[in-house]
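Below you'll find the structure, written out as structure tokens, and then a few comments.
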Amino acid sequence: MIQHRFNASYIIAISFISALGGYLFGFDFAVISGALPFLRTTFSLTPAWEGILTGSLALGCIVGCLIAGSLADRYGRRPGLMTAAIIFALSSIGMALSDSLKIFMTMRFAAGIGVGMASMLSPMYIAEISPAAVRGRNVAINQLTIVIGILITNLVNYLLADNGANAWRWMFGLGVVPSLFFLIGVIWLPESPRWLMQANQHVKARHILAKIGNADYAEHTVTDIKRSLQGASTVSLAGLWSPAVRRFLIPGIILAVFQQFCGMNVVFNYTSTIFESVGANLNQQLFETVSIGVVNLVFTVLAMWQVDKMGRKPLMLAGAAGLSVLHIVLALLLQNQAAAGIVSVFVLIAISLYATSLAPVTWVLIAEIFPNHIRARATTVAVVSLWAAYFVLVSTFPTLVSKLGAYVPFYIYAGICLLGFLFIRFRITETKGKTLEEISSYH
114 MIQHRFNASY IIAISFISAL GGYLFGFDFA VISGALPFLR TTFSLTPAWE GILTGSLALG
174 CIVGCLIAGS LADRYGRRPG LMTAAIIFAL SSIGMALSDS LKIFMTMRFA AGIGVGMASM
234 LSPMYIAEIS PAAVRGRNVA INQLTIVIGI LITNLVNYLL ADNGANAWRW MFGLGVVPSL
294 FFLIGVIWLP ESPRWLMQAN QHVKARHILA KIGNADYAEH TVTDIKRSLQ GASTVSLAGL
354 WSPAVRRFLI PGIILAVFQQ FCGMNVVFNY TSTIFESVGA NLNQQLFETV SIGVVNLVFT
414 VLAMWQVDKM GRKPLMLAGA AGLSVLHIVL ALLLQNQAAA GIVSVFVLIA ISLYATSLAP
474 VTWVLIAEIF PNHIRARATT VAVVSLWAAY FVLVSTFPTL VSKLGAYVPF YIYAGICLLG
534 FLFIRFRITE TKGKTLEEIS SYH
């Protein structure tokens, strides 16, 4: 077997820069949790409008994914990442300056476009530039930047909370800072060699691959990519449903939807609502968001270390099974009005399990299971499905809580996790250590 040498520092550097798109995701994902207590007062939100406002980000993300897929196929991965950064910077300023609910939701929708573009393009780009042996870890860097974004945003929210009724404006406005850093970094990134090969720019692709690894690696990878593209033509969105392509697409969609319907993102977005239901005050609610962010970060780092050692499937199975049990425990605790401290312990255990399994590994699988010639469009459909599921999840939670109580949704999520476990057990194939071309040949 040929042993290739790699430029590890270069690979990690371009992976981290691309993954800053994940930071934008984490920022907008978390900022709403700290801002909601202020927004409820500022805009007189009902539970239904609270859910719609929170979910409006997801609707923008769906649009962003559709835009990103077209841009990525036509112009390359870099232009899409740059566009995402610009949109996010402008929308952050727009949210901070909003003087009506209509303007705020429009700006949050626009922010979602930027987040959606980055959420699709960042992991796909990282998968396409990473050697097989470290691809899982590198794609998981995207999840790492997401959780760093969540943690830092939660800390900033906690520090800003005492600055009066307009503290939420600073919470959202500070989003312009990471988006500008991301934009500057993307300018330095090379284009994806796999996209360059599809665009018949073989010399450029070989040059970038030679910077990633040695000459043997570059030549071997170019040969593999050429072979995977032989006889393959660009597939339209409608063409993704043909039998030959559907066998790749359907597992990707189900994994994406399951990552949301497992229910953990209501914990991130509605921390204050959940802990308010057991009597926690505002200060304790915001403190819990910080605790969640810290645990999320620590266990995401653990997942990065394990995803290329243990493999994708064992981590996903452990996550699905464990969360099914933990959701039942949380439902019982909330139903019986347990002390906030006890609820916090089990919330943090659930977060740790999610952070080592479904949260990062789903993105890894979505980024690697599709063949080269359909990757951009198939990833678009999978990530659109993820954001649609996220919208349903977060927009329905406040209404479910107001009508049924905070504990009922967790029984539902427990059942979904059990179904997810069965699907992963019988329908998902291990991809650890395989090149993208090898995966598409047997998946």
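Going letter by letter, the sequence shown gives residues 114 to 556 in this note's numbering.
All C-beta atoms in this analysis are idealised placements derived from N, C-alpha and C, irrespective of residue type, glycine included.
Buried versus exposed, by CB contacts within 10 Å (16 or more), residue i
{"i": "residue 458", "result": "exposed"}
{"i": "residue 539", "result": "exposed"}
{"i": "residue 163", "result": "buried"}
{"i": "residue 114", "result": "Since pLDDT at residue 114 reaches only 43, below the 50 mark, its modelled position is unreliable, and no value is offered."}
{"i": "residue 308", "result": "buried"}
{"i": "residue 376", "result": "buried"}
{"i": "residue 489", "result": "buried"}
{"i": "residue 543", "result": "exposed"}
{"i": "residue 132", "result": "buried"}
{"i": "residue 250", "result": "buried"}
{"i": "residue 328", "result": "exposed"}
{"i": "residue 159", "result": "exposed"}
{"i": "residue 311", "result": "buried"}
{"i": "residue 122", "result": "exposed"}
{"i": "residue 118", "result": "exposed"}
{"i": "residue 256", "result": "buried"}
{"i": "residue 372", "result": "buried"}
{"i": "residue 553", "result": "buried"}
{"i": "residue 475", "result": "buried"}
{"i": "residue 154", "result": "exposed"}
{"i": "residue 395", "result": "exposed"}
{"i": "residue 527", "result": "buried"}
{"i": "residue 300", "result": "exposed"}
Pair within 8 Å by beta-carbon distance, residue i and residue j
{"i": "residue 461", "j": "residue 405", "result": "yes"}
{"i": "residue 374", "j": "residue 482", "result": "no"}
{"i": "residue 233", "j": "residue 512", "result": "no"}
{"i": "residue 226", "j": "residue 176", "result": "yes"}
{"i": "residue 260", "j": "residue 430", "result": "no"}
{"i": "residue 295", "j": "residue 147", "result": "no"}
{"i": "residue 143", "j": "residue 266", "result": "yes"}
{"i": "residue 127", "j": "residue 242", "result": "yes"}
{"i": "residue 224", "j": "residue 277", "result": "no"}
{"i": "residue 447", "j": "residue 408", "result": "no"}
{"i": "residue 191", "j": "residue 302", "result": "yes"}
{"i": "residue 420", "j": "residue 473", "result": "yes"}
{"i": "residue 270", "j": "residue 402", "result": "yes"}
{"i": "residue 240", "j": "residue 252", "result": "yes"}
{"i": "residue 353", "j": "residue 487", "result": "yes"}
{"i": "residue 514", "j": "residue 366", "result": "no"}
{"i": "residue 196", "j": "residue 179", "result": "no"}
{"i": "residue 304", "j": "residue 207", "result": "no"}
Cβ-Cβ separation, residue j to residue i (assumed contact under 8 Å), whole Å
{"i": "residue 169", "j": "residue 221", "result": "5 Å"}
{"i": "residue 522", "j": "residue 510", "result": "6 Å"}
{"i": "residue 387", "j": "residue 120", "result": "Between residue 120 and residue 387 the Cβ distance is about 45 Å, and since that is not below 8 Å, they are no contact."}
{"i": "residue 364", "j": "residue 216", "result": "That belief does not hold up - the Cβ atoms of residue 364 and residue 216 are roughly 40 Å apart, past 8 Å."}
{"i": "residue 355", "j": "residue 412", "result": "That belief does not hold up - the Cβ atoms of residue 355 and residue 412 are roughly 39 Å apart, past 8 Å."}
{"i": "residue 193", "j": "residue 209", "result": "Contact doesn't hold; Cβ gap of about 25 Å is too wide."}
{"i": "residue 246", "j": "residue 503", "result": "Going by Cβ atoms, the distance from residue 246 to residue 503 rounds to 32 Å, so no, they are not a contact pair."}
{"i": "residue 139", "j": "residue 262", "result": "2 Å"}
Candidates the options, of which the one nearest residue i by Cα
{"i": "residue 501", "options": "165, 254, 423", "result": "165"}
{"i": "residue 254", "options": "311, 480, 536", "result": "480"}
{"i": "residue 379", "options": "543, 506, 258", "result": "506"}
{"i": "residue 398", "options": "454, 154, 440", "result": "454"}
{"i": "residue 264", "options": "134, 400, 332", "result": "400"}
{"i": "residue 537", "options": "335, 436, 368", "result": "368"}
{"i": "residue 551", "options": "257, 244, 363", "result": "244"}
{"i": "residue 237", "options": "302, 477, 546", "result": "477"}
{"i": "residue 519", "options": "472, 499, 496, 441", "result": "441"}
{"i": "residue 547", "options": "184, 334, 517, 413", "result": "334"}
{"i": "residue 517", "options": "284, 444, 340", "result": "444"}
{"i": "residue 281", "options": "428, 471, 211", "result": "211"}
{"i": "residue 470", "options": "434, 499, 316, 196", "result": "434"}
{"i": "residue 152", "options": "396, 285, 195", "result": "285"}
{"i": "residue 497", "options": "450, 274, 370", "result": "370"}
{"i": "residue 468", "options": "452, 432, 427, 235", "result": "432"}
Close Cβ partners of residue i (< 7 Å) along its chain, the five nearest in sequence each way excluded
{"i": "residue 145", "result": "167, 382"}
{"i": "residue 292", "result": "137, 198, 201, 202, 205"}
{"i": "residue 248", "result": "240, 481"}
{"i": "residue 545", "result": "249, 421, 424, 425"}
{"i": "residue 389", "result": "398"}
{"i": "residue 258", "result": "132, 133, 135, 136, 139"}
{"i": "residue 451", "result": "391"}
Cβ shell of residue i (< 8 Å), same chain only, five flanking positions each side left out
{"i": "residue 338", "result": "306, 307, 310, 318, 485, 550"}
Own chain partners of residue i with C-beta closer than 6 Å, once the 5 adjacent residues on each side are dropped
{"i": "residue 456", "result": "391, 446"}
{"i": "residue 331", "result": "319, 322, 323"}
{"i": "residue 214", "result": "156"}
{"i": "residue 437", "result": "527, 530, 531"}
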